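In the numbering used here, the protein residues as written are 16 to 450.
Every residue, glycine too, gets a C-beta built ideally from N, C-alpha and C.
Quick caveat, the model's predicted, so the values are computed rather than measured.
Worksheet for the structure shown next.
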Ligand SMILES: [Zn+2]
């Protein structure tokens with residue numbers, strides 16, 4: 016797609032264009048342009064909002080269309096590599112006008128740049144795009160990352176799993192919703208596939224639990240994005256308390272969970288868990304407890320000791336009383352124990368819930384009814400996003416869509432669920448996350 020009426024401008028509007036461009040030509044401090052972190056996120060967001068087109072482009076032609084003393088105006092042709100705002104798609108061509116300080120040369124437009132373009136319209140010479148000068152910068156990964164974060168605000172996934180690629184069989188079965196088989200055929204490919212989905216949805220942090228060796232591998236692949244979780248599941252017992260203490264102290268693990276106690280036939284109130292909760296409370300480590308639902312046929316297959324009743328979140332109550340400083344989130348939001356979940360949330364303000372698996376595996380109306388009940392009960396600040404990605408990375412996108420499609424949620428509810436509630440619960444440094 017190209018700007019309409021472009022060629023008229025070069026003959027007719029030279030003085031007007033040059034005059035307008037002068038206003039945009041406030042030079043940046045040289046130092047700031049050398050800084051990897053430039054421009055700050057707020058600057059990017061303001062410019063993004065001020066213009067009609069933002070895109071990562073590759074220039075392929077530039078023609079000098081006007082010169083006044085000290086300023087040159089170029090007409091630049093480029094191909095869109097990654098669109099951020101406006102009517103252009105990747106691969107489209109785009110033309111814009113760009114005023115620069117003289118002397119200038121056409122080669123300066125051939126590098127990859129991020130352009131912020133104003134749509135200008137004039138009855139006499141039509142429609143054209145003009146660069147917002149201070150904002151057009153080389154396409155660094157830092158700048159592109161900030162733009163993605165402006166377009167797709169950050170998300171924290173409180174519930175995914177660091178498993179081997181074949182944790183569910185060789186090859187893994189198809190996804191129960193989409194019917195697609197995972198493409199990964201090695202543990203490395205499995206991590207890469209999940210990290211790519213996290214990047215696509217701007218998931219800036221994820222709590223990843225699984226067998227210790229897999230969690231270590233995932234943390235090594237993305238130390239800034241992966242928080243390790245101590246996992247207990249159908250085939251995995253918790254490590255001993257001393258090993259866990261070391262792992263929490265070193266930062267190798269940051270969360271006690273997912274505790275799939277229900278799959279192991281254990282109530283959270285079982286005395287053998289007491290040292291773990293005491294440790295988590297003493298070290299101020301959040302606890303992630305599987306609650307509510309289970310796989311169809313679990314007691315006949317993976318987990319002979321699994322019982323529906325062991326998923327009832329009220330079984331946690333005595334633990335909360337014994338450990339008042341424990342920070343806990345109920346994974347799967349206690350579903351379908353709505354009344355018990357609301358009761359716990361009402362009485363114990365330190366308790367949060369995550370929406371993992373409900374947001375893609377339940378019938379959508381059922382999930383939305385459950386979520387709406389929690390919102391209507393006033394718990395919008397205590398609900399966390401989770402995907403329960405296991406070996407099917409597309410679960411992440413399905414989980415995001417489950418929240419995005421809830422028409423009863425306000426934008427504030429969504430931002431709270433996707434991000435702000437987790438920042439508060441995990442006590443993250445939001446400024447550091449944003450940069
Ligand atoms: Zn679970």
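Check residue i in the structure and name its three-state DSSP category.
i: residue 137; result: strand
i: residue 153; result: strand
i: residue 233; result: helix
i: residue 167; result: coil
i: residue 408; result: coil
i: residue 273; result: strand
i: residue 432; result: helix
i: residue 41; result: Low confidence applies here, because residue 41 scores a pLDDT of 41, under 50, leaving its location unreliable; read the following figure in that light. Looking at residue 41 - three-state DSSP - the assignment turns out to be coil, as it is neither helix nor strand.
i: residue 382; result: helix
i: residue 369; result: strand
i: residue 394; result: coil
i: residue 263; result: helix
i: residue 437; result: helix
i: residue 98; result: strand
Closer than 6 Å by C-beta to residue i: which residues in its own chain qualify, once you throw out the five before and the five after it? Chain order, please.
i: residue 161; result: 56, 59
i: residue 357; result: 392
i: residue 125; result: 74
i: residue 69; result: 63, 99, 100, 131
i: residue 412; result: none
i: residue 335; result: 363
i: residue 441; result: none
i: residue 166; result: 99
Determine the contact status of residue i and residue j, defining contact as a CB-CB distance below 7 Å.
i: residue 298; j: residue 263; result: yes
i: residue 399; j: residue 369; result: yes
i: residue 404; j: residue 115; result: no
i: residue 406; j: residue 182; result: yes
i: residue 170; j: residue 216; result: yes
i: residue 236; j: residue 206; result: yes
i: residue 328; j: residue 361; result: no
i: residue 333; j: residue 280; result: no
i: residue 258; j: residue 241; result: no
i: residue 455; j: residue 120; result: One cannot answer for residue 455 here, as it falls past the ends of the chain, which runs 16 to 450.
i: residue 291; j: residue 248; result: no
i: residue 401; j: residue 174; result: yes
i: residue 225; j: residue 178; result: yes
i: residue 272; j: residue 244; result: yes
i: residue 433; j: residue 387; result: no
i: residue 233; j: residue 201; result: no
i: residue 414; j: residue 375; result: yes
i: residue 340; j: residue 296; result: yes
Whose C-beta lies closer than 7 Å to the C-beta of residue i among residues of the same chain, with five residues either side of it excluded?
i: residue 373; result: 347, 348, 350, 382, 385
i: residue 435; result: none
i: residue 428; result: 390, 395
i: residue 103; result: 16, 68, 70, 95, 109
i: residue 345; result: 304, 306, 328, 356, 366, 368
i: residue 38; result: Annotation note: pLDDT 40 at residue 38 (below 50); position unreliable, no value reported.
i: residue 251; result: 226
i: residue 193; result: 409
i: residue 430; result: 168
i: residue 416; result: none
Tell me, please, which residues DSSP counts as bridged to residue i.
i: residue 145; result: 112, 133
i: residue 88; result: 81, 114
i: residue 128; result: 72, 153
i: residue 93; result: 74, 109
i: residue 305; result: 346
i: residue 387; result: According to DSSP, residue 387 bridges with nothing at all.
i: residue 290; result: According to DSSP, which records beta bridges pairwise, residue 290 is partnered with nothing at all.
i: residue 243; result: 223
i: residue 176; result: 224
i: residue 399; result: 369
i: residue 418; result: Residue 418 pairs with nothing; no bridge assigned.
If residue i and residue j are in contact, beta carbons under 8 Å, what's the gap, nearest whole angstrom?
i: residue 105; j: residue 91; result: That pair is no contact at about 18 Å.
i: residue 117; j: residue 85; result: 5 Å
i: residue 267; j: residue 338; result: Their Cβ separation, rounded to whole angstroms, is 23 Å, which puts residue 267 and residue 338 out of contact at 8 Å.
i: residue 302; j: residue 342; result: 7 Å
i: residue 282; j: residue 330; result: 5 Å
i: residue 274; j: residue 304; result: 5 Å
i: residue 72; j: residue 93; result: 4 Å
Looking only at its chain, what residues have a beta carbon closer than 8 Å to the beta carbon of residue i, apart from the 5 residues adjacent to it on each side?
i: residue 448; result: 169, 219, 220, 438
i: residue 196; result: 186, 187, 188, 189, 190
i: residue 97; result: 70, 71, 105, 159
i: residue 198; result: 204, 208
i: residue 316; result: 310
i: residue 231; result: 243, 267
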